[in-house]
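Report on the following structure.
In the working numbering, the protein residues as written are 1496 to 1865.
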């Protein structure tokens, strides 16, 4: 992979996250919160791309920020390797991929080889995919440190023939931890629907924090601990008076994330502890964003279509740091009946005998009995 390609891929992944958040924010209530892992979604779509025909594969790769379809694996692998090598004993970041299918799927051998390049776990042993519900959820749970224990229902898998899964997990401690003694258990939090609910609010008092100001928000960056010199951070954006989270998302989508943060001493800085868990089918939202995931994927198996793309995220944030996990499941089914069609001439029928090289009908007739 050439070095100049990485930023465009990274920018595309970032934009997917902000654009998807905007879509959800515009159409759904914020009461449950929003959480997205655009990297997990991108890797899952990268796995799917190998099953598309040439034209659709190229279109999907362009949406993923990849100019050449044959570079899907190398470019995504380069990003994952860069993230992994940036880690040390103070942080955990891992990703894993898998494909589970029923044993009647007849997966194209070249697609199996494609998935092996993602280091994907492959299991096509199920008579019915739903029979593997516990095993599949167990694999997801194991890859996400138990944060996503039961992502896929038996009902979802009963309507499917295959599922492609990416799972990732991140865990890190704060560079400067919050003192538990300063946490207030029932601090008022003002919700988007004008209610006040109690939260556990963590506090720094008379401490310096990294701040960036915009007309739409005040952003604070909290670095994670690192022994390797690489910097990963949690950035929180507090809306300015008269602004909403949706306006912040649109500002970031237009202008990008803030680059300059200034060390500033505050009287107090408060951030809620939270355990945020979200899950939804994002297939239609991806279609609305222009991702070509409709139609069949013939390089996977005969007439396979995307039925759902389920995205699940869990983020735990407390005085010590952050633990987060995401899983993206591309659920595929056959667009035609499972069994091969039958044609039985069991009623009167028309026939002809044709000399095809000269396009001449030698005989024609109707066969019947009686």
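We put the beta carbon where it would ideally sit given N, CA and C, even for glycine.
Treat the numbers as computed from the prediction; the structure is a model and nothing was measured.
Item: Outcome for residue 1810 when other beta-carbon atoms lying within 10 angstroms are tallied against a minimum of 16; Value: buried
Item: Any non-hydrogen atom of the ligand GDP within 8 Å of residue 1588 CB; Value: Although the ligand GDP was asked about, the structure shown includes no ligands whatsoever.
Item: N-terminal and C-terminal residue of the beta strand (DSSP E) that residue 1541 is part of; Value: Where residue 1541 is concerned, there is no enclosing beta strand (DSSP E), although the alpha helix (DSSP H) it sits in stretches over 1533 to 1544.
Item: Helix, strand or coil at residue 1669 according to DSSP, with G and I counted as helix; Value: strand
Item: Outcome for residue 1806 when other beta-carbon atoms lying within 10 angstroms are tallied against a minimum of 16; Value: buried
Item: Strand pairing of residue 1680, partner residues [DSSP]; Value: Paired residue(s): none; residue 1680 is not in a bridge.
Item: Under the three-state DSSP convention, the category residue 1816 falls into; Value: strand
Item: Residue 1699 versus residue 1554: straight-line alpha-carbon distance, rounded; Value: 48 Å
Item: Option in 1510, 1558 and 1504 with minimal Cα separation from residue 1785; Value: 1558
Item: Bounding residues of the beta strand (DSSP E) (the contiguous stretch that carries residue 1691); Value: 1691 to 1708
Item: Residue 1715 to residue 1729 span [Cα, whole Å]; Value: 8 Å
Item: Inter-residue Cα distance where the pair is residue 1838 and residue 1742; Value: 59 Å
Item: Beta-carbon proximity of residue 1532 to residue 1663, cut-off 9 Å; Value: yes
Item: contact_flag[the segment 1526 to 1544, the segment 1751 to 1764] where n(CB pairs < 8 Å) is 3 or more; Value: no
Item: Residue 1515, enclosing alpha helix (DSSP H) - first and last residue; Value: 1500 to 1522
Item: Segments of 4+ residues assigned as alpha helix (DSSP H) that fall wholly inside the segment 1557 to 1592; Value: 1567 to 1580
Item: Host beta strand (DSSP E) of residue 1760 (start-end); Value: 1757 to 1767
Item: Extent of the continuous beta strand (DSSP E) run through residue 1740; Value: Premise fails: residue 1740 lies in the alpha helix (DSSP H), 1740 to 1750, not in any beta strand (DSSP E).
Item: Burial state of residue 1459, where buried means 16 or more other Cβ atoms lie within 10 Å; Value: The shown model of the chain, from 1496 to 1865, leaves out residue 1459, and the question about it has no answer.
Item: Residue 1656 to residue 1826 span [Cα, whole Å]; Value: 8 Å
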